[in-house]
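Colleague: Taken in sequence, the protein lines are chains W and L.
Convert by adding 11 to the 1-based position in the first sequence; the result is the number in the numbering used here.
Convert by adding 11 to the 1-based position in the second sequence; the result is the number in the numbering used here.
In this text, a Cβ means the ideal position worked out from N, Cα and C, and glycines have one as well.
Source: prediction; values computed, not measured.
Number of protein chains: 2
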Amino acid sequence: MVMATSAQPLTEVEIELVDLCVRIAQFLGLPKSLGEIYGAVFIASKPISMEEIIERHGISKGSASQGLRALRTIGAVRTQYVPNDRRDHYVAETGLGQLVAGIMRNRYEPGIEDFGVRVQSLQYLQGKVGKDEQHLLQRIQKLNHWQEQAQQIVPTLRQVLQGEGP
Amino acid sequence: MVMATSAQPLTEVEIELVDLCVRIAQFLGLPKSLGEIYGAVFIASKPISMEEIIERHGISKGSASQGLRALRTIGAVRTQYVPNDRRDHYVAETGLGQLVAGIMRNRYEPGIEDFGVRVQSLQYLQGKVGKDEQHLLQRIQKLNHWQEQAQQIVPTLRQVLQGEGP
DNA sequence: CGAATAGTTCATTTTTTCTTGAACTAAATG
DNA sequence: CATTTAGTTCAAGAAAAAATGAACTATTCG
């Protein structure tokens with residue numbers, strides 16, 4: 012690992028803010044590097060390039076490239092045009108609703124859908140329940156009920172997080 | 012790895028139900044083995060012992076012991092007395108509200124609290140924000156706002172999941 | 001008691017996930 | 001159009017997380 016060459020070291024406050032971003036990422040089950048990269052963009056006073064992120068935060072080129080793509084995909088950062096500079100520059104989206112929506116969409120909803128499909132097809136399997144395993148029918152019902160409740164959660168979350176602030 | 016010695020193999024339906032439990036566990040960021048073990052208890056027609064779980068599902072003793080403890084801690088299973096049997100026997104809790112509450116309490120709420128503490132202490136750091144980093148004050152505000160919203164989520168979830176069914 | 005059984009612990013191994021960096025493509029620059 | 005620069009890809013390495021099983025403790029049974 013090579014140290015940053017010439018970038019300003021992070022100030023105490025910056026380190027703390029990036030650290031908080033890292034912890035949020037980990038909390039959400041995302042890799043630490045995504046938190047770092049988001050943090051880098053989050054604390055920047057103006058649109059920041061990948062190179063600056065790499066140098067100032069000591070992240071590898073590969074991680075930075077992949078991480079920025081992931082963050083774009085979930086809508087946590089977006090690119091912004093900067094005149095006279097060939098490089099892409101990034102700014103952070105900071106609406107919690109938007110952030111969580113993006114994470115849900117990419118990381119959680121596919122799982123919820125799969126679950127729904129699997130539970131649906133359980134109905135078919137009911138025929139294959141043997142006489143000696145009638146108690147499983149109840150369990151299948153239970154899973155159905157779970158699935159119904161799970162589907163309510165996403166819209167509810169959306170509502171809680173709609174209220175954006177300053 | 013040693014195969015189960017003499018237990019009934021799982022039926023097609025049982026395999027599917029356990030598999031669903033495994034996927035739910037993974038979705039929630041819990042290790043696969045917790046899903047398997049919960050699944051084993053979930054599909055059992057009567058209180059099941061650790062030994063039966065180990066034999067029928069091919070889980071190691073260590074995993075089974077630790078996994079059952081974890082499941083007890085989050086309130087996903089509980090022990091039930093069985094006459095004339097020295098071993099502990101387990102039954103599954105199947106209320107989604109209870110399950111999610113347990114998982115939240117153990118896996119997520121500590122993180123939310125830590126985050127709250129850290130954000131609190133940011134207020135103190137505001138003094139250390141240099142003249143050249145005034146833009147960070149906004150970011151600190153943003154984190155505050157996130158924290159307030161995050162605190163609303165737990166009670167809201169609780170409410171959605173209260174409605175228990177059959 | 002002493003043997004047998006139930007259950008726990010934890011160092012080691014296995015598996016999975018994340019990160020790196022060198023080789024590559026693509027695009028701009030002079 | 002050759003060179004520099006920006007950005008991507010992916011195989012290999014590093015790190016983290018999970019699973020195993022042998023050694024242990026605790027309990028019950030005869």
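When burial is assigned at 16 or more other CB atoms within 10 Å of the CB, is Pro-166 (chain W) buried or exposed?
Modeller: Its Cβ having fewer than 16 others within 10 Å, Pro-166 (chain W) is exposed.
Colleague: Do the region 23–37 of chain L and the region 25–37 of chain W make contact, defined as three or more Cβ pairs closer than 8 Å?
Modeller: In short, these stretches do not touch, since the Cβ pair count stays below three.
Colleague: Within 8 Å of any Cβ in chain W, is that where the Cβ of Arg-116 (chain L) sits?
Modeller: For Arg-116 (chain L), the answer is no, since every Cβ of chain W falls outside 8 Å of its Cβ.
Colleague: Based on Cα-Cα distance, which residue from W:Gly-106, W:Gly-141, W:Gly-78, W:Trp-157 lies nearest to Gly-127 (chain W)?
Modeller: Here the closest residue by C-alpha is W:Trp-157.
Colleague: Starting from the beta carbon of Val-93 (chain W), find every residue of chain L whose beta carbon is closer than 7 Å, and list them in chain order.
Modeller: By Cβ distance, chain L contributes nothing, its closest Cβ being about 17 Å from Val-93 (chain W), past 7 Å.
Colleague: Report the neighbours of Glu-144 (chain W) on chain L: residues whose CB is nearer than 9 Å to its CB, in chain order.
Modeller: Near Glu-144 (chain W) (Cβ distances below 9 Å), the residues of chain L are Thr-22, Val-24, Glu-25, Ile-54, Ser-56.
Colleague: Skipping 5 residues on each side, what residues in its chain have a beta carbon closer than 7 Å to that of Ile-26 (chain W)?
Modeller: Answer for Ile-26 (chain W): no residue qualifies.
Colleague: In chain W, which residues lie less than 7 Å from Gln-180 (chain L) when you measure between Cβ atoms?
Modeller: Outside the displayed range of chain L (12 to 177) lies residue 180 (chain L), so it cannot be described from this structure.
Colleague: How long is the line joining the alpha carbons of Gln-149 (chain W) and Val-29 (chain W), rounded to whole angstroms?
Modeller: Spanning the two alpha carbons is a distance of roughly 48 Å.
Colleague: When the Cα of Pro-20 (chain W) is compared with those of W:Ile-65, W:Pro-42, W:Glu-120, W:Arg-83, which residue comes out closest?
Modeller: Comparing Cα-Cα distances from Pro-20 (chain W) to each of W:Ile-65, W:Pro-42, W:Glu-120, W:Arg-83, the minimum goes to W:Ile-65.
Colleague: Would you say Val-140 (chain L) lies against chain W (beta-carbon separation less than 8 Å)?
Modeller: Yes, because at least one Cβ of chain W sits closer than 8 Å to the Cβ of Val-140 (chain L).
Colleague: DSSP beta-bridge partners for Val-102 (chain L)?
Modeller: Answer is L:Arg-89.
Colleague: With a threshold of 8 Å between beta-carbons, can Met-12 (chain L) be considered close to chain W, or not?
Modeller: A caution first: Met-12 (chain L) carries a pLDDT of 40, below 50, which makes its placement in the model unreliable, though a value can still be read off. Cβ-Cβ to chain W under 8 Å: no for Met-12 (chain L).
Colleague: Got a sec: which bits of the region 70–90 of chain L sit with their beta carbon under 7 Å from any beta carbon on chain W, in order along the chain?
Modeller: Cβ contacts with chain W: none found.
Colleague: Go ahead and pull the three-state DSSP assignment for Ser-74 (chain L).
Modeller: Ser-74 (chain L): helix per DSSP, three-state reduction.
Colleague: Which residues in the same chain as Ala-75 (chain W) place their Cβ atom closer than 8 Å to its Cβ, once the five residues preceding and following it in sequence are excluded?
Modeller: Ile-48, Met-61, Ile-64, Ile-65.
Colleague: Consult DSSP for Ser-60 (chain L) and reduce its assignment to one of helix, strand or coil.
Modeller: It is a strand residue.
Colleague: From Gly-86 (chain W) to Gly-78 (chain W), what does the alpha carbon distance come to, in whole angstroms?
Modeller: Cα to Cα, Gly-86 (chain W) sits roughly 12 Å from Gly-78 (chain W).
Colleague: Determine, using beta carbons only, whether Lys-43 (chain W) comes closer than 8 Å to chain L.
Modeller: Cβ-Cβ to chain L under 8 Å: no for Lys-43 (chain W).
Colleague: What are the boundary residues of the alpha helix (DSSP H) that Ala-51 (chain W) is part of?
Modeller: Note, Ala-51 (chain W): alpha helix (DSSP H), 43–53.
Colleague: In whole angstroms, what separates the C-alpha of Tyr-135 (chain L) from that of Met-115 (chain W)?
Modeller: Those two C-alpha atoms are separated by around 33 Å.
Colleague: Compare the C-alpha of Leu-45 (chain W) against each of W:Gln-160, W:Gln-163, W:Leu-110 and name the closest.
Modeller: Checked all of W:Gln-160, W:Gln-163, W:Leu-110; the closest Cα to Leu-45 (chain W) is W:Leu-110.
Colleague: Any beta carbon from chain L within less than 8 Å of Gln-160 (chain W)'s own beta carbon?
Modeller: Yes, contact with chain L.
Colleague: If you follow the alpha helix (DSSP H) that Glu-25 (chain W) is in, where does it begin and where does it stop?
Modeller: Segment 23–38, the alpha helix (DSSP H) holding Glu-25 (chain W).
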